[in-house]
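Residue numbers (our numbering): 12 to 584. Where is the CB? At the ideal position from N, CA and C, for every residue including glycine. This report concerns only the one structure given below.
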Ligand SMILES: Cc1cc2nc3c(=O)[nH]c(=O)nc-3n(C[C@H](O)[C@H](O)[C@H](O)COP(=O)(O)OP(=O)(O)OC[C@H]3O[C@@H](n4cnc5c(N)ncnc54)[C@H](O)[C@@H]3O)c2cc1C
Ligand code: SF4
């Protein structure tokens with residue numbers, strides 16, 4: 012069997028080494044007796060754009076409807092988030108379509124009141140080779156006229172203030188660990204314990220989790236939602252085709268010269284041949300006069316065990332064009348996160364269950380060809396709030412009446428946009444050239460071509476290959492290029508080392524699977540341990556490095572929520 016350079020396909024797939032995890036672990040009945048439960052009207056899991064928009068709209072509607080507010084009790088709206096503070100776990104490009112914020116705030120606030128770095132005033136797209144950057148006309152899906160540059164972490168902090176003003180109670184450092192289901196209805200969530208040691212033992216500062224009982228539970232957990240995935244299994248909501256993900260790594264740079272307009276690149280350092288399944292590219296967005304958001308996204312259906320999103324971004328920065336932009340600058344921040352990319356065909360069959368709605372990235376509401384999800388998250392949160400209040404209005408109660416949310420998402424601009432681009436991402440698995448040509452026809456026909464849908468495939472089901480790819484990653488110099496541990500430091504991660512391990516993987520696997528995980532993880536959580544002598548090796552873990560990007564769940568493991576308050580502390584991402 013050829014190993015180096017020969018790229019011989021090997022029939023090893025990460026999906027054949029599933030993690031020790033059952034989604035039923037995340038579903039339970041009440042734990043606390045009735046008089047010890049925290050009672051709220053609506054509990055929202057996740058203070059991202061989706062959850063916060065939902066809270067803000069609920070607050071606006073309850074002001075107009077004191078009768079519904081009364082039914083929701085003393086704490087009508089509560090939001091839990093596992094990050095240290097609102098915004099701590101939010102990371103995006105980000106060029107945002109402002110239409111949803113306009114709909115959310117109406118004449119209460121304008122875009123100029125929201126933290127942003129201005130409207131996009133010029134854009135370029137380059138096809139990269141190792142030495143050259145060839146300008147190409149921006150394809151229609153990459154046009155961003157009318158959109159604004161934001162840091163979603165800053166946007167999250169701002170929206171959290173607005174949600175509090177609208178009457179929501181925000182509980183940061185609080186992971187939702189279980190979905191409370193009794194009979195066939197969702198009744199709230201249970202928060203995670205704090206203060207356990209590595210073996211799960213109670214430490215001096217131990218605090219048990221709590222049951223939060225709610226009339227309605229909104230899951231807005233973002234990518235790889237832990238309770239969301241479990242709810243999809245529990246209520247049989249899985250869509251016709253499997254979800255897929257991309258991994259994005261991002262750096263924020265202080266630069267000497269302002270960047271004039273936004274830049275996207277495709278091509279190098281990815282390889283165009285179909286056998287590698289390498290789909291992705293980079294962005295550079297100006298954040299005012301002296302900062303730049305720079306990132307690289309790669310589809311997680313790739314096959315090469317040595318591919319590393321972290322190191323592809325480092326390699327990209329050595330290109331003469333990018334090096335020139337960053338010259339004299341300094342890296343301020345780093346982070347990583349996955350993006351759902353299955354699109355319309357991977358949406359759950361229903362975005363609700365009795366007492367439950369699912370919003371934003373957790374539902375997969377992302378337009379990958381446009382790299383846009385923020386405005387869908389905000390709009391879905393707003394629509395969820397409308398449906399929740401309407402359900403009380405009709406006197407039906409939230410157990411049965413949340414279907415109007417699903418209908419509003421599918422028949423509004425979210426559903427229409429996603430339907431139009433539903434086959435584009437998949438055709439890039441046939442290589443950049445074929446993918447580019449087919450996607451052009453799909454865009455021109457507004458989604459009418461091809462007549463039959465192109466299925467998605469689970470990322471972990473791709474067989475692995477090995478080509479010696481890692482040899483070309485640049486050595487870190489600490490100025491332009493960095494190693495993974497210094498990147499973790501730049502994410503603000505200060506997780507204590509003695510927490511219980513929140514990552515589930517099969518710990519003895521073929522060497523190729525182990526190496527895939529080592530390279531995949533942008534935060535250096537995995538290391539190859541002892542060779543068992545039978546083709547398998549042990550995988551060692553440093554879970555406190557984890558920035559909760561979610562990539563391991565796409566490629567054969569399972570991320571579960573760690574203790575609330577741990578993980579990255581993003582400020583600028
Ligand atoms: C690299 C990258 C680049 C992108 N670029 C763009 C772009 O340029 N433009 C654009 O429009 N979109 C972009 N997107 C997509 C966009 O960021 C998302 O669509 C959007 O942030 C989704 O919002 P959300 O509220 O659904 O989820 P998120 O923003 O992910 O927020 C979810 C929140 O829930 C919390 N949470 C999750 N699980 C739990 C739990 N169990 N308990 C408690 N809290 C929990 C998380 O801590 C987080 O704060 C990009 C995404 C990435 C990763
Ligand atoms: S261990 Fe954490 S940081 Fe590493 S791939 Fe998994 S989720 Fe991402």
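Query raised in the report: Mind checking whether residue 520 and residue 556 have CB atoms under 9 Å apart?
Result: Taking the chain shown and counting its residues from 1, the one referred to as residue 520 is at position 509. Taking the chain shown and counting its residues from 1, the one referred to as residue 556 is at position 545. Against a cut-off of 9 Å, the Cβ pair of residue 556 and residue 520 comes out as no contact.
Query raised in the report: What does residue 296 pair with, by DSSP beta-bridge criteria?
Result: Counting from one through the chain shown, the residue named residue 296 turns up at place 285. Answer by DSSP bridge pairing, in chain order: 304.
**Report entry** Residue nearest to residue 580 in terms of C-alpha spacing, selected from 319, 146, 506, 538
**Finding:** Start at 1 with the first residue of the chain shown, and residue 580 comes out as number 569. Here the closest residue by C-alpha is 506.
Query raised in the report: Out of curiosity, what's the CA-to-CA distance linking residue 576 and residue 534?
Result: Numbered from its first residue, the chain shown carries residue 576 at position 565. Numbered from its first residue, the chain shown carries residue 534 at position 523. If you take the alpha carbons of residue 576 and residue 534, they lie about 18 Å apart.
Query raised in the report: Under the criterion of a Cβ to heavy atom distance below 8 Å, does residue 537 qualify as lining ligand 2?
Result: What you label residue 537 is simply residue 526 of the chain shown in a count that begins at 1. At least one heavy atom of ligand 2 is nearer than 8 Å to the Cβ of residue 537, so yes.
**Report entry** Residue environment, residue 35, which counts as buried when at least 16 other CB atoms sit within 10 Å
**Finding:** Along the chain shown, one-based indexing puts residue 35 at 24. Exposed, since its Cβ has fewer than 16 Cβ neighbours within 10 Å.
Query raised in the report: Which whole-angstrom value is the C-beta distance of residue 38 and residue 189, which I expect to be below 8 Å?
Result: Within the chain shown, residue 38 is the residue found at index 27, counting from 1. Within the chain shown, residue 189 is the residue found at index 178, counting from 1. Sure, about 7 Å apart at Cβ, within 8 Å.
Query raised in the report: Among the residues of its own chain, which have a CB less than 7 Å from the CB of residue 22, if the five just before and after it don't count?
Result: Indexing the chain shown from 1 puts residue 22 at position 11. Around residue 22: 474.
Query raised in the report: With DSSP run on the structure shown, which of helix, strand or coil describes residue 519?
Result: As a first step, residue 519 is located in the chain shown; it is residue number 508 there, counting from the start. In this structure, residue 519 counts as strand in the three-state DSSP scheme.
Query raised in the report: With a CB to CB cut of under 6 Å and the five nearest residues on each side skipped, what residues in its chain are close to residue 64?
Result: What you label residue 64 is simply residue 53 of the chain shown in a count that begins at 1. Here the set comprises 115, 389, 392, 393.
**Report entry** Meets three-Cβ-pair contact criterion under 8 Å: the region 88-102 and the region 171-184
**Finding:** yes
Query - N- and C-terminal bounds of the alpha helix (DSSP H) containing residue 81 - result: As a working mapping, residue 81 is identified with position 70 in the chain shown. Per DSSP, residue 81 belongs to the alpha helix (DSSP H) from 77-83.
Query raised in the report: Got a sec? Which residues, its chain only, sit under 7 Å from residue 470 by beta carbon, not counting five neighbours each side?
Result: Position 459 of the chain shown, counted from the start, is the residue given in the question as residue 470. Here the set comprises 255, 256, 311, 312, 565, 566.
Query raised in the report: Taking 8 Å as the cut-off, is the CB of residue 531 close to at least one heavy atom of ligand 2?
Result: The residue you call residue 531 lines up with position 520 of the chain shown. Answer for residue 531: yes, Cβ within range of ligand 2.
**Report entry** Segment contact, 8 Å Cβ cut-off, at least three pairs: the region 253-272 with the region 324-341
**Finding:** yes
Query raised in the report: Does ligand 2 have even one heavy atom less than 8 Å from the beta-carbon of residue 558?
Result: Walking along the chain shown from the start, residue 558 turns up at place 547. Yes, the beta carbon of residue 558 sits closer than 8 Å to at least one heavy atom of ligand 2.
Query - residue 545, enclosing beta strand (DSSP E) - first and last residue - result: The count along the chain shown starts at 1 and reaches residue 545 at position 534. Counting along the chain, residue 545 falls outside any beta strand (DSSP E), and DSSP gives it neither H nor E.
Report task. Express the C-alpha separation of residue 318 and residue 166 in angstroms, rounding to a whole number. Result -> Counting from 1 along the chain shown, the entry for residue 166 is found at position 155. Counting from 1 along the chain shown, the entry for residue 318 is found at position 307. C-alpha separation (whole angstroms): 32 Å.
Query raised in the report: For residue 19, does the three-state DSSP call read helix, strand or coil?
Result: As a working mapping, residue 19 is identified with position 8 in the chain shown. Residue placement at residue 19 is poorly supported in this model, since its pLDDT is 45, which falls under 50; the coordinates still yield a value, given next. Residue 19 falls in the coil class under three-state DSSP.
Query raised in the report: Which residues share a DSSP beta bridge with residue 264?
Result: Translated into the one-based positions of the chain shown, residue 264 becomes position 253. For residue 264, which the question treats as bridged, DSSP gives the partners 303, 342.
Report task. Give a single yes or no on whether residue 351 has its beta carbon closer than 8 Å to a heavy atom of ligand 2. Result -> Working through the chain shown from its first residue, we reach residue 351 at position 340. Flag unset: Cβ of residue 351 not near ligand 2.
Query raised in the report: Do residue 386 and residue 107 come within 9 Å of each other at the CB atom, strictly closer than that value?
Result: The count along the chain shown starts at 1 and reaches residue 107 at position 96. The count along the chain shown starts at 1 and reaches residue 386 at position 375. Cβ distance < 9 Å, so residue 107 and residue 386 count as in contact.
Query raised in the report: Alpha carbon to alpha carbon, what distance is there between residue 356 and residue 250?
Result: Along the chain shown, one-based indexing puts residue 250 at 239. Along the chain shown, one-based indexing puts residue 356 at 345. Their backbone Cα atoms lie some 7 Å apart in a straight line.
Report task. Please work out which residues of its chain come closer than 6 Å, Cβ to Cβ, to residue 24, disregarding the five sequence neighbours upstream and downstream, and give them in chain order. Result -> In the chain shown, the residue the question calls residue 24 occupies position 13. Correct list, in chain order: 472, 474.
Requested in this report: Leaving aside the five residues before and after residue 220 along the sequence, list all residues of the same chain whose C-beta is less than 7 Å from its C-beta, in chain order.
Outcome: Stepping through the chain shown from its first residue, residue 220 is reached at position 209. Taken in chain order, the residues that qualify are 188, 201, 202, 203, 204.
Report task. Report buried or exposed for residue 427, applying the criterion of at least 16 other Cβ atoms within 10 angstroms of its Cβ. Result -> By one-based count along the chain shown, residue 427 stands at place 416. Answer is exposed; the Cβ neighbour count stays below 16.
Query raised in the report: Roughly how many angstroms separate the alpha carbons of residue 441 and residue 396, rounded to a whole number?
Result: Along the chain shown, one-based indexing puts residue 441 at 430. Along the chain shown, one-based indexing puts residue 396 at 385. The straight-line gap from Cα to Cα measures roughly 41 Å.
**Report entry** Three-way DSSP call (helix, strand, coil) for residue 351 in this model
**Finding:** If you number the chain shown from 1, residue 351 lands on position 340. Looking at residue 351 - three-state DSSP - the assignment turns out to be strand.
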